[in-house]
Amino acid sequence: MIEKGKSALLALLVVASLVQSYLLAYSMPSMEAKVRTEQDYVTTDPLGPEEQVENLLLPEQLVLHLGADKHTVFYPNDTFYDMVLDKLRGREFKGFQQDTIESVNWDQVRKDDVGIEVRFGRAVPFELLQRVFKLDSNFLFSADSVSRIWIFARKDREEVRTFFFSSDGRNVYESLRADLTVQDVQQYAGFGQYWTPFLYSDGGVYVPEAAKTYDAVRVPFTRYTPDQIQRNLFFDPATTRMIQDRQDGTQIYTDSKKGLIVEQESGWLSYSDPVAPTSSQNSLSDNITSAVLFINQHGGWNGTHRLVRGEGSASDSVIRFQQYYRGLPIIPTGGFRFGYIQLTIQQGNVSSYERSLLVLGEKDKKLSPQRKLPAGDALKTMIKEAAAGGIVESIFPAYRPQLEKDSVLLQPVWAIRLAGGEVRTVG
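If you count by full-length UniProt numbering, then the sequence shown holds residues 1 to 427, one letter each, in order.
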C-alpha cells in the first residue's frame, strides 16, 4: 500500500515537472517594454476651443481704390469687410507668372485704376494661402510667401489684372487666368463709395480724412488656473515641482527640463522647452501649422486671433497670433502683457510659448461717450511723433487694454506697425 502511494506521488511529480518544462519552453513571459504614454500620465482638460489654420490668416485690412486718386480702407470690424473677402474667396486664381515689382507703375495704378488690395499683417506662405483662396497649386513659385494681393481693372481697357506680392519686396506673381471681371472689381469698389475717405501717405499707408468713432468697453474675465496650465504643458505632472513662489504671486515650475513661469497678478504665462539648434531649413508654413496644433492641444484659443509678425524679428521661427475683440486688435502698452499668443519654433518643435491666462467674457459694458479717433493732419502729426523716425508700415484702429480688478478696460486708439514689426499705440 505504501509502495503504491510512493509510485503515485512520483508519477504526479513527474507530470508536474513535464508541465512546468512545457510552460517554460512555450509560454515565456513577454519581454516587451511597457511604454507609458502621455495619456497614461494625465488626462488633459480642454481649456479653450480649437482653431483651424485658415481662420487665422485674415487680412489686416482691405484697401479699396475708387479711381481719381480716391481711396478707403476696410478693417475687420467694418460692415463690408467680410462681404468683400467672402466674394474673393469664391474666385479662382490660376496661371501664375513671375515678374519684377517694377514691371507695373503702381503709383499710376493706385491713382487711376479701380481696384482692391488685400493686405496681410505678415507674409503668408502660398501653401497656407491656398486654404483661404482658390489658388493654382501647380506653379514653380509656390514655396514663396505673399504680403498682399492687388486686383485692379485697367482704366483704358476691359481687363482685370491680379498680382500677388512676394515677401521679399522685389517680385510679383500675376495670375493670368483669374476668375474676375471688370464688373466684379467695380462692385467691390462700390462698397466703399460712401465709406470714410482715406488719403495715401508716405510709405504706402492710408490716413482717414474724417474721424472714426468706436466704443470703449469694459469686459469681465475668468482665469486659467496654474494647475490647469501645468496639467496641459507637462508630460508627467507627477515629476513637476514648484521651485519658487514669489511674494508677488509669480510661480515657477520645472520638471528638470521644461520650465513654466506663471505671473498671477498680471495673468501671464511663459513656458520654455529647450530645443537643440539645427542647420536644417526652417519652414514658415510648417512652423505656423505646428504653432496652431500646439495651441489647440495646450490651452486653446481665448477669443478671435490673426497671424501677425513677432516684434523685433522677421525670423520664420517666431509665430505670433494677435487677439481681436469686436474686430479690433488688442495692443498692450506699459507693463500689462495681454492680447497675443507667441511661440518660438524650430523645425516644428516649440521652444517657447507665451500667452495670457485671462479669458474675456462674451458680454461687455459699453462706456459713454464713444471715442472719436483723430484724422487728417492731426493724426499724421501724432503718427510721426509715435514713430520717432521709424518707417511706418501700417496704421489701424485698435484697443489698448487696462487691467482692472474683475475686468479689462478696452480703450479705442490708433496703432502703427513699424518696419521692424514693433507695434505702438498713438495718442
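Every residue gets a Cβ at the ideal spot worked out from N, C-alpha and C, and that includes glycine. Quantities reported herein were computed from a predicted structural model and do not represent experimental measurements.
{"query": "Limits of the alpha helix (DSSP H) - the one that Lys111 falls within", "result": "Trp106 to Asp112"}
{"query": "Asp273 in three-state terms, based on DSSP", "result": "coil"}
{"query": "Strand pairing of Gln402, partner residues [DSSP]", "result": "Leu409"}
{"query": "Proximity test, Phe165 beta-carbon vs the ligand GDP heavy atom, cut-off 7 Å", "result": "Among the ligands in the structure shown, none appear at all, so the ligand GDP cannot be discussed."}
{"query": "Ser351 - containing alpha helix (DSSP H), residue span", "result": "That residue, Ser351, is in no alpha helix (DSSP H); its beta strand (DSSP E) goes Asn349 to Ser356."}
{"query": "Close Cβ partners of Phe93 (< 7 Å) along its chain, the five nearest in sequence each way excluded", "result": "Phe133, Lys134, Leu135, Asp136, Thr162, Ser175 and Ala178"}
{"query": "Burial state of Ile391, where buried means 16 or more other Cβ atoms lie within 10 Å", "result": "exposed"}
{"query": "Beta carbon of Ala238 nearer than 8 Å to that of Ala375", "result": "no"}
{"query": "Residue burial classification, Ala123 (beta-carbon count within 10 angstroms, cutoff 16)", "result": "buried"}
{"query": "Cβ pair Thr254, Arg241 closer than 8 Å", "result": "yes"}
{"query": "Contact under 8 Å by Cβ, Gly121 with Pro220", "result": "no"}
{"query": "Coarse secondary structure for Gly427, derived from DSSP in three states", "result": "coil"}
{"query": "Distance CB(His71)-CB(Val63) smaller than 8 Å", "result": "yes"}
{"query": "Arg148 versus Lys155, Gly204, Thr196 and Tyr200, residue with shortest Cα-Cα distance", "result": "Gly204"}
{"query": "Within 8 Å, strictly: CB atoms of Gly339 and Gln322", "result": "yes"}
{"query": "Coil, strand or helix - Ile331 by DSSP", "result": "coil"}
{"query": "First and last residue of the uninterrupted beta strand (DSSP E) at Phe164", "result": "Val160 to Ser166"}
{"query": "CB of Leu409 within 8 Å of CB of Arg218, strictly", "result": "yes"}
{"query": "Residue nearest to Asp405 in terms of C-alpha spacing, selected from Tyr81, Thr344 and Gln264", "result": "In the sequence on display, residue 405 carries Lys and not Asp. Out of Tyr81, Thr344 and Gln264, Gln264 has the C-alpha closest to the C-alpha of Lys405."}
{"query": "Limits of the unbroken beta strand (DSSP E) element including Thr72", "result": "Lys70 to Phe74"}
{"query": "Straight-line gap, Arg131 to Ser315 (C-alpha atoms, nearest Å)", "result": "23 Å"}
{"query": "Presumed contact (8 Å Cβ cut-off) between Thr222 and Thr333, rounded CB distance", "result": "About 23 Å separates the two Cβ atoms, so there is no contact after all."}
{"query": "Contact the region 89-108 vs the region 47-63: 3+ CB pairs below 8 Å", "result": "no"}
{"query": "Through-space distance from Arg119 to Gln281, alpha-carbon basis", "result": "27 Å"}
{"query": "Contacts around Arg337, its chain only, beta-carbon distance under 6 Å, and the 5 residues preceding and following it disregarded", "result": "Trp268"}
{"query": "Per DSSP, the bridge partner or partners of Ser145", "result": "Pro125"}
{"query": "Residue nearest to Asn151 in terms of C-alpha spacing, selected from Ser201, Ser167, Val109 and Pro125", "result": "According to the sequence displayed, residue 151 carries Ile and not Asn. Residue Val109 is the option with its Cα nearest to Ile151."}
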